[in-house]
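To start, the structure under review is shown below, and the notes come after it.
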Amino acid sequence: MHQEGSSQFTTFGAGTWDYLTYDYINTEKSIIVNSGGGDFMFIITQPNIGPGFSWMYKVYEDDGAVGDDTVGYYSLGNYSDPQAIIIDARPFVDGDNNKAEFYIEKTTVPTRSVLVEFYD
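Per this note's numbering, residue 16 is the first one in the sequence shown, and the count goes up by one each step.
Structure (structure tokens):
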């Protein structure tokens with residue numbers, strides 16, 4: 016698996032990643048998924064569409080009516096193997112629920128869907 020945004024996998028709690036859910040995205044944004052803090056991971060499986068191409072993603076933290084925060088922009092290689100984007104959720108924990116609410120948007124290749132799995 017290829018990894019973006021971190022030089023190593025970081026675990027917390029029982030020492031493993033907790034699988035939360037998945038979504039398929041194309042031109043729309045993903046579902047919103049809650050994190051209690053620590054590290055949050057998106058595992059993205061996308062098709063290989065030829066040499067010399069990169070897939071672009073934008074991660075947001077949902078703040079409801081207040082507006083959303085941009086967490087970051089990520090470029091993933093053109094591999095058909097799953098790839099990881101890992102972010103530090105701590106700075107984004109807020110609101111009455113004391114959670115960070117993340118979603119991701121694919122900004123390239125509107126003709127292809129990708130699988131996004133969410134881990135906390």
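The beta-carbon is built from N, C-alpha and C at its ideal position, and this holds for glycine as well.
If you follow the beta strand (DSSP E) that F117 is in, where does it begin and where does it stop? 115-121
Where the beta strand (DSSP E) containing D84 begins and where it ends: 84-92
Would K140 pass as a contact of Y72 if the rule is Cβ separation under 8 Å? This structure cannot settle anything about residue 140, because the visible part of the chain is limited to 16 through 135.
Using only the alpha-carbon positions, how far apart do L35 and A99 sit? 15 Å
Please tell me whether L91 and I59 are closer than 8 Å, where the distance is taken between their beta carbons. A contact, by the Cβ cut-off of 8 Å.
For F117 versus Y75, is the C-beta spacing smaller than 8 Å? yes
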